[in-house]
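Numbering (the numbering used here), first residue to last: 21 to 776.
Here's what the structure looks like:
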């Protein structure tokens, strides 16, 4: 580099670092404004899931920064990898390869023991590989491919070097480093400053480390802490410093040597992000710098660069040259220094290592979230959450229901993170505009806003969401959480006209994998290019892990059939219950029957009883066991439908998912003829009969089904055929465990937690 070129670089660096204002470089400010707009737009797309983010199949810690180099990231990555390795974890590092040719290739290069081609791997990956001989370093343009290769090599934890801005690569923990000596430069983005993102981006970080605090004054350090605490809680801010662990002398290979004597004259040169830090480290060792040359980060030295350095060093009386370890990888392969070339070997030292690794371990704890939008979907969601809790006992399993208060989840011990949404329609607004208008008047838009804010609070802290419901839930989750989910599509099937073309396009673009209700629906989505599978019916998963009961047979003339009554789970159940009770009375008058009514957990038993004028409750007032009117007794239960339905011969039901579950058990279904039930009829086919919404019609139809063995058998067989067998939820949990690496995360967190 010529003297003029060196002066230009020094002048530019002084400007962007905020050390000295330059009108020349200030001309780049409009370009920085444009960059800020681009960075902000990119961040918006990622926050709302419009740009893809891939969950890696291994736990991943990202170590990055806000600025263009200079935070001592490489020594920190080395310290972190070394510590995890010493705790018995098989660690790997993934990088894009700084200054190397690998970024132009789609392949993955893995280096170990520092053995690799600088042109392909880059200087920093080779340095890390040399310092950590037993830690594989993967270099790949698409870092997710590097992580997959490390997994194939038996790695248990990946550290991603400089990945804070690489948001396509999902991560478990974001560690952001800030140079305490020059935290934000002149405060503007590249090219007129050193910032890659504005400081507000620190809100994404799980941990912030202020590096080189020994090179910052107390007042500057206090002001920096105050600035960072605007975005990150104080307990997640740490400090570190550099320490020279020894010296080496390079003559084609680096060999240990004695430290230079204090006062020794030295000519320093470097091509790193913060050359001032290197010069200061030399001065702190007591060395006398007689000349210094600063090159652009990752600069590949040419022979004339080195000739100029040697000439200046000799003329200034330098007893040796000094550079960083990274610079060694950028020297010409055949060059040997006529003057001794000495290199300080630096290490990153945390000030509170025990607290740091305790917080890091807790941040590595998997947080899993199940989202659902409907009472029937909540029941499936609870079973999925229970399966996750059993499979991943050390993980935290959260619930995010969009409809109601999440009572089903709370009753099973799952924390509910969504804002409550109780509306007159119970979340079903697609059949009648007046239901939508009623929900709007009840605050539907406010509920949506509050739920999106609740999602934002979970953003960057949960694994891939698991959604049970419809495409609205999918989009709600994507916009709020910013991560493409796994999706159980309970609301649509080809038997109900299937997903619309737009819905299929959204599923193809924004869902990792979809589990459908039947094989035909999976085939429809697959033809649209979506990753869709049928592994069993999610509705039938409500049966749990108990072996399925044999389907009921037609009751004989002398039998007393058990009739199940389902008023539904939404607010209209308080009105509809009268219809069911009157139908039960009429049916019992024509043929003696036993009756069992299932009360959904979303309903108030006392309010429901109050709607049953003429019926007397039996048992405790808050939880009655039965209703009686004259000689007719009707049992009440709050058991799940899957339990309450066992032994039933017929269902008179006004539910959705519950009606479908009973049909899948082979129980004939009688319901009322209305728009929502006509849609369900397309799904259940001959398993369900719809009649006029009167007690007389319901009782007459139920009596006819019970009295006609042929009709009974046809309805029972049709229900079992349409609903299929269980299995979707188990397959989803298996997929998350293997393809998304949740098993690996569970094992790693458990080992680190138990080792603290």
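Glycine included, C-beta positions come from ideal geometry on N, C-alpha and C.
Just curious, the alpha helix (DSSP H) that residue i is in, first and last residue?
{"i": "residue 130", "result": "Note, residue 130: premise wrong, no alpha helix (DSSP H); beta strand (DSSP E) at 128-131."}
{"i": "residue 188", "result": "Run containing residue 188: none; DSSP gives neither H nor E here."}
{"i": "residue 715", "result": "715-727"}
{"i": "residue 382", "result": "373-383"}
{"i": "residue 87", "result": "From DSSP, residue 87 is part of no alpha helix (DSSP H); its letter is neither H nor E."}
{"i": "residue 347", "result": "345-348"}
{"i": "residue 469", "result": "464-478"}
{"i": "residue 770", "result": "762-775"}
{"i": "residue 673", "result": "That residue, residue 673, is in no alpha helix (DSSP H); its beta strand (DSSP E) goes 670-673."}
{"i": "residue 44", "result": "43-46"}
{"i": "residue 70", "result": "Per DSSP, residue 70 belongs to no alpha helix (DSSP H) and is neither H nor E."}
When the Cα of residue i is compared with those of the options, which residue comes out closest?
{"i": "residue 654", "options": "663, 660, 662, 634", "result": "634"}
{"i": "residue 391", "options": "483, 461, 573", "result": "483"}
{"i": "residue 767", "options": "606, 683, 412", "result": "412"}
{"i": "residue 191", "options": "503, 43, 563, 91", "result": "503"}
{"i": "residue 236", "options": "261, 396, 499, 249", "result": "261"}
{"i": "residue 404", "options": "657, 184, 432", "result": "432"}
{"i": "residue 185", "options": "211, 221, 350, 49", "result": "221"}
{"i": "residue 518", "options": "37, 322, 273, 542", "result": "542"}
{"i": "residue 72", "options": "709, 293, 528", "result": "528"}
{"i": "residue 366", "options": "151, 215, 161, 540", "result": "151"}
{"i": "residue 466", "options": "685, 439, 480", "result": "439"}
{"i": "residue 756", "options": "386, 173, 288", "result": "386"}
{"i": "residue 109", "options": "178, 164, 717", "result": "178"}
{"i": "residue 537", "options": "677, 305, 189, 710", "result": "677"}
Count the other CB atoms, across all protein chains shown, that sit within 10 Å of the CB of residue i; report buried if there are 16 or more and exposed otherwise.
{"i": "residue 547", "result": "exposed"}
{"i": "residue 580", "result": "exposed"}
{"i": "residue 55", "result": "buried"}
{"i": "residue 577", "result": "exposed"}
{"i": "residue 398", "result": "buried"}
{"i": "residue 752", "result": "buried"}
{"i": "residue 246", "result": "exposed"}
{"i": "residue 535", "result": "buried"}
{"i": "residue 346", "result": "buried"}
{"i": "residue 31", "result": "exposed"}
{"i": "residue 400", "result": "buried"}
Run through DSSP, which three-state label would residue i get?
{"i": "residue 425", "result": "coil"}
{"i": "residue 182", "result": "coil"}
{"i": "residue 418", "result": "strand"}
{"i": "residue 123", "result": "In this prediction, residue 123 scores a pLDDT of 46, lower than 50, which makes its location untrustworthy; no coordinate-derived value is stated."}
{"i": "residue 254", "result": "helix"}
{"i": "residue 449", "result": "With a pLDDT of only 48 at residue 449, under the threshold of 50, the placement of this residue in the model should not be trusted; the figure read from the coordinates follows. Three-state result, residue 449: coil."}
{"i": "residue 439", "result": "coil"}
{"i": "residue 503", "result": "coil"}
{"i": "residue 78", "result": "coil"}
{"i": "residue 54", "result": "helix"}
{"i": "residue 64", "result": "helix"}
{"i": "residue 135", "result": "strand"}
{"i": "residue 664", "result": "helix"}
{"i": "residue 338", "result": "coil"}
{"i": "residue 277", "result": "strand"}
{"i": "residue 635", "result": "coil"}
{"i": "residue 391", "result": "strand"}
{"i": "residue 269", "result": "strand"}
{"i": "residue 737", "result": "helix"}
Need the endpoints of the beta strand (DSSP E) that residue i sits in, please.
{"i": "residue 311", "result": "308-314"}
{"i": "residue 368", "result": "361-370"}
{"i": "residue 487", "result": "486-489"}
{"i": "residue 352", "result": "Careful: residue 352 lies outside any beta strand (DSSP E) and carries neither H nor E."}
{"i": "residue 655", "result": "652-657"}
{"i": "residue 698", "result": "Segment 695-704 is the alpha helix (DSSP H) holding residue 698; no beta strand (DSSP E) there."}
{"i": "residue 289", "result": "285-290"}
{"i": "residue 748", "result": "Run containing residue 748: none in the beta strand (DSSP E); it sits in the alpha helix (DSSP H), 748-758."}
Is residue i near the ligand MG, in the sense that its beta carbon is under 6 Å from a heavy atom of that ligand?
{"i": "residue 243", "result": "You won't find the ligand MG in this model; it holds no ligand whatsoever."}
Problem - Runs of alpha helix (DSSP H) lying entirely within the region 575-632, each at least 4 residues, in chain order - result: 593-610, 625-630
Practice task
Please go through the region 507-565 and give each complete alpha helix (DSSP H) segment of 4 or more residues, from N-terminal end onward.
Solution key: 521-530, 539-547
Handout entry: Within the region 149-175, ranges of the beta strand (DSSP E) (whole runs, at least 3 residues)
Key = 157-160
Handout entry: Any beta strand (DSSP E) of 3 or more consecutive residues that is wholly inside the region 96-122
Key = 111-115
Problem - Unbroken stretches of the alpha helix (DSSP H), 4 residues or longer, contained in the region 215-255 - result: 238-248
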